[in-house]
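Here the numbering used here is used: the first residue of the sequence shown is 164, the next is one more, and so on.
C-beta: ideal position from N, C-alpha, C; glycine also.
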Amino acid sequence: MVSEKSGTPPEAATEALRNGDRILERVQSESFFLTRKIAKMHRAIIDIAAQRIAAALTESAEIDAAAIFAETLTRLLAEPVAATLNLIEQTREALAKAMQVAASLSGEDAPDELPKPAGMPLRI
C-alpha cells in the first residue's frame with residue numbers, strides 16, 4: 164500500500180526494487196564480460212582441441228575428432244556458463260521477492276513462482 168501522506172511506497176518495497184535493480188545491473192555487466200571472454204577464447208579452444216586430437220591420433224587412427232572438439236568446447240565453456248546460470252537464478256529470486264513485497268503491500272495474492280529457465284545446458 165502506498166503511504167497516504169507521501170505518496171511513496173514503503174521502505175520494504177523500495178529496498179526490494181533497489182536490490183532487484185542492483186542484481187539486474189550486475190547480471191548485465193557480467194553477461195557483457197562473459198560475451199567478451201568467450202569471444203576471446205576461440206584461439207585457445209582451437210589450440211587445446213587440436214592438441215587433444217593430435218594426442219588421440221598418436222594412440223589410434225580411429226578417433227572421433229568432432230567428439231573431442233565438442234568435449235573440449237564444453238569443458239572450457241562450462242565455468243562461464245555456470246556463472247551466468249547462477250546470475251540468472253539470483254535475478255529470478257530478487258524479482259520474485261520484489262513481486263511478493265509488491266503483492267503484500269497491495270493486498271493482492273502473491274503471483275505464482277517465476278519460471279526457471281528451461282532448455283539450458285547441463286552443468287558440468
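- When secondary structure is reduced to three states using DSSP, Met204 falls in the coil class, being assigned neither helix nor strand.
- Distances from the CA of Val244 to each of Thr254, Ile209 and Glu193 were compared; the closest alpha carbon is that of Glu193.
- In the three-state DSSP reduction, Gly270 falls in the coil class, being neither helix nor strand.
- In the displayed model, Pro243 falls within a helix according to three-state DSSP.
- Scanning its chain for C-beta atoms nearer than 6 Å, with the 5 sequence neighbours on each side dropped, one finds no residue around Ala202.
- In terms of Cβ geometry, Thr254 and Leu197 do not form a close pair [threshold 8 Å].
- Ile216 and Lys200 have their C-alpha atoms spaced approximately 24 Å apart.
- In the three-state reduction of the DSSP assignment, Glu174 falls in the helix class, which pools H, G and I.
- At a Cβ-Cβ threshold of 8 Å, Leu268 and Pro173 count as neighbours.
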